[in-house]
Amino acid sequence: MPGKHCCYGECKSDSRYPERFPGVKFFPIPKPLNRLEETKEWIKACGRPHDQLNPERITKHHYVCSK
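Printed below as a string of structure tokens:
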């Protein structure tokens, strides 16, 4: 099973290393096909440049952690 990585700003949370990030949970970013406006809000809150994170690039592998 592949690990989950947080895409918020410069967060380094990674589910492959639970000992480094105890108690951290990962939440998938809403999929743009179903919830475009909500997806845009999550992306804006992440603070990443548009070329790195935008609705066209969101897949089932994009997560934000609880940290």
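So in our numbering, spot 10 of the sequence shown is number 1, and the numbers just go up one at a time.
Using N, Cα and C, we set each Cβ at its ideal position, and we do this for glycine too.
According to the DSSP secondary-structure assignment, P9 is paired through a beta bridge with no residue. Here the alpha carbons of K35 and Y8 stand approximately 27 Å from one another. DSSP, read as helix, strand or coil, puts C37 in helix. Of the candidates D42, C37 and E28, C37 places its Cα closest to the Cα of F18.
H(-4) and K51 have their C-alpha atoms spaced approximately 12 Å apart.
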